[in-house]
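Throughout the sequence shown, residue numbering follows numbering that gives the first Met the number 0, covering 0 to 113 in sequence.
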Amino acid sequence: MPAAPDVVDITPQAAQVLQRLIAVHGPVMFHQSGGCCDGSAPMCYPQGEFRTGESDVMLGHLLDETPFWISADQYQLWRHTRLTVDVTEGRGSGFSLEAPEGVRFLIRSDLCVI
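Now the structure itself:
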């Protein structure tokens, strides 16, 4: 599937966490899947540890170097929104790199007028 327009951003607070993760783990990436509860949270992985393919769409890059992918099915549901990666205190579940930091990434969205 082709790349989507750059419709993903990051808050300054989340950018600070992301920069710390990059300093520790090297280049990272995000993947947003569908699901409920923590299954709908953006997950941060070392680049190369989560394989993307034809069932994923690249939404853009955070901090000019961190790719943000979304599952194609979820993209179809959210294609009219601008996503912003934010961070909040508390530990989410899953294997996202920020979990040991005592924070979790989350998505805030705004409807895009077409």
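C-beta atoms are modelled at their ideal positions from N, C-alpha and C, and glycine is treated no differently. As the structure is a prediction and not an experimental result, all values here were calculated from the model.
Using only the alpha-carbon positions, how far apart do Met28 and Phe67 sit? One-based indexing of the sequence shown puts residue 28 at position 29. One-based indexing of the sequence shown puts residue 67 at position 68. Distance between the alpha carbons of Met28 and Phe67 is about 6 Å.
Between which two residues does the alpha helix (DSSP H) harbouring Pro11 extend? Translated into positions along the sequence shown, residue 11 becomes position 12. The continuous alpha helix (DSSP H) containing Pro11 extends over residues 11-24.
Give me the residue from Ser70, Val16, Thr80, Thr83 with the minimum Cα distance to Val56. To locate residue 56, count along the sequence shown from 1; it is residue 57. Closest by alpha carbon: Ser70.
The alpha helix (DSSP H) enclosing Asp72, as first and last residue numbers: Position 73 of the sequence shown holds residue 72. Looking at the DSSP string, the run of the alpha helix (DSSP H) that includes Asp72 is 71-77.
Rounded separation between Ile9 and Asp85 - CA only: Within the sequence shown, numbered from 1, the residue matching residue 9 stands at position 10. Within the sequence shown, numbered from 1, the residue matching residue 85 stands at position 86. Roughly 6 Å separates the two Cα atoms.
For the candidate residues Leu17, Leu96, Pro26, whose alpha-carbon lies nearest to that of Gly47? For the purposes of this step, residue 47 is identified with residue 48 of the sequence shown, where counting begins at 1. Of the candidates Leu17, Leu96, Pro26, the one whose C-alpha sits nearest the C-alpha of Gly47 is Pro26.
Looking only at its own chain, which residues have a Cβ that is under 7 Å from the Cβ of Thr80, when we skip the five neighbours before and after it? The sequence position of residue 80 within the sequence shown is 81, counting from 1. Cβ neighbours of Thr80 beyond the five flanking positions: Ser108, Asp109, Leu110, Cys111.
Report yes if the CB atom of Gln114 is closer than 7 Å to the CB atom of Gly33, and no otherwise. Any property of residue 114 remains undetermined from this structure, which presents the chain solely from 0 to 113.
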